[in-house]
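So for the sequence shown, the numbering used here puts the first residue at 462; every next one is plus one.
Note that CB positions come from ideal geometry on N, CA and C, so glycine has one too.
In what follows, a structure is listed as structure tokens, so that the remarks can point back to it.
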Amino acid sequence: MNEKIQSVLNSLPHKPGIYLMKDAQGNILYVGKAISLYNRVRSYFQESTDLSPKNRSMVAKVDDIEFLVVKNEVEALVLESNYIKQYRPRYNVLMRDDKSYPYIKVSLTEDFPRVYRVRSFQRDGNRYFGPYTNSGAVDATLDLLNKLFAFRTCRYDASTWAPPVNKEPPPGWKQKLLPRPCTQYYIHRCIAPCVAYASREEYDTVIKQVILFLEGKHDEVVKSLQEKMHEAAENLNFEEAARIRDRIQAVERVLEKQRIISTEGQDDQDVIAFASSEDETCVMTFFFRNGKLIGREFFILQGTRDSSPGEVMTSFLQQFYESSPHIPPEIVIEAEPDDRAVIQVWLREKRKGAVTIRKRSSPWKNCRKRSTWLLHHSASSVTISRIRREQTR
């Protein structure tokens, strides 16, 4: 142990915070959090401590340590997550770079909102859904949504297509429409607000249906479409009624697939399991909304060799929900995370509502056995397939 490290160890306070282990070149090797910086950081350098091979390797490379004191454990958790995301230290458990995971964005902050794919989630007043690990599935979802709800996909400035609702237009505002609708209108993929074939209120209804669909509230979507179908039929607009009927049937086909696996309750719930290989772990997450399975995604955590199940689960919860636009009221997990109480408080603050983290030991209350088996089996299958791909390279 060099004098620099010894000096830091002597100055550590009995307070919560984060610590950064650095090598001789100043690279951050590891970022950790602690209730007591004094106890946690010093434990790495005590002969009596039984370190894992991974931690022994890291400690051998440490040339300097920095620490930051915070008010409480939740602040330490948030700061640790930010540092891990920014620096991606070699010895931390890392989710594969989330820049590769797309989201679906509903651009509520622009006139006549669009629905499209983006590469990052921001808290900017728009709605985001994801992240998705399968880019093709995002494209397929967007295509289905456009078939069902006929929203615009163009990038025109729509601010002049209709006056604002319930407020005065800005000074000098003048309605300016396009000369004619595009092909999307003629193939029933857009209701053409650009030429005033649809009012702002009618278009807003379409976008509300898109959001309900993405939230998994498909029964509400069907009910709304049925009302529009009956209204069209009463007005003798049978062609439009037939198109809406086809949309209802398409939504019901989605609903039928979801009934294969569902929860017994009606709450939103994420169910998480994982399977590990030598140095990486596949985490499979099922998303239940209103009691129905609306999607599943798998994520790869790297650097999990010698990591306990609790550490793996903690790392995933931190990194996944830090960039997730939706946090459900209940998260069902396979392994008890380290610092569960702190993570639960952090999630409650992010959600601005109650969040319960529940381990599956009791056996999977509110989840049917089929979903439980399929979840863990899926994670194991992904891990095995990745190992085989590596072996055949």
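- Three or more beta-carbon pairs drawn from the stretch 548 to 559 and the stretch 489 to 507 are found closer than 8 Å, and the two stretches are therefore classed as touching.
- Secondary structure note for Met519: it is in no beta strand (DSSP E), and the uninterrupted alpha helix (DSSP H) holding it is Pro514 to Lys522.
- From the listed residues Asp618, Met482 and Arg714, the smallest Cα separation to Leu609 is found for Arg714.
- When the alpha-carbon of Glu810 is set against those of Val535, Glu681, Gln780 and Asp731, the nearest one is in Val535.
- Unbroken beta strand (DSSP E) stretches of 3 residues or longer found wholly inside the stretch 752 to 810: 753 to 763 and 791 to 794, given in chain order.
- Val576 is bridged by DSSP to Val567.
- Only residues of its own chain outside the window of five on either side were considered, and among them Glu571, Asp572, Phe573, Arg613, Pro654 and Cys655 have a CB closer than 8 Å to the CB of Ala619, listed in chain order.
- For Arg821, the secondary structure class from DSSP, reduced to helix, strand or coil, is coil.
- In the DSSP annotation of this structure, Ser737 is not part of any alpha helix (DSSP H); the continuous beta strand (DSSP E) holding it starts and ends at Gln730 to Ser737.
- With respect to the 9 Å criterion, Arg819 and Val803 are not classified as neighbours on the basis of their beta carbons.
- Counting C-beta atoms within 10 angstroms of its own C-beta, Pro789 has 16 or more neighbours from the protein chains shown and is therefore classed as buried.
- The C-beta separation of Lys476 from Val530 comes to about 5 Å, placing the pair in contact by the 8 Å criterion.
- Shown here, Ala495 sits in a strand according to DSSP, grouped into three states.
- Counting only runs of 4+ residues, the alpha helix (DSSP H) found wholly inside the stretch 633 to 674 occupies 644 to 647, in chain order.
- Within the model, the alpha-carbon separation for Ser768 versus Ala601 is close to 37 Å.
- When only Cα atoms are considered, Asp707 and Val682 end up about 13 Å apart.
- Taking a cut-off of 8 Å on C-beta distances, the stretch 518 to 532 touches the stretch 466 to 484, as three or more cross pairs fall below it.
- Leu697 counts as exposed, since fewer than 16 other beta carbons sit within 10 angstroms of its beta carbon.
- By the Cβ criterion, the stretch 762 to 776 is in contact with the stretch 733 to 744, since at least three pairs of Cβ atoms, one from each stretch, lie closer than 8 Å.
- The alpha-carbon separation between Lys753 and Ile761 amounts to approximately 25 Å.
- Setting aside the 5 residues that flank it on each side, Glu700 has no residue in the same chain whose C-beta is closer than 7 Å to its C-beta.
- At a Cβ-Cβ threshold of 9 Å, Thr817 and Phe781 do not count as neighbours.
- Using a C-beta cut-off of 8 Å, the stretch 591 to 605 makes no contact with the stretch 630 to 640, since fewer than three inter-stretch Cβ pairs fall below that distance.
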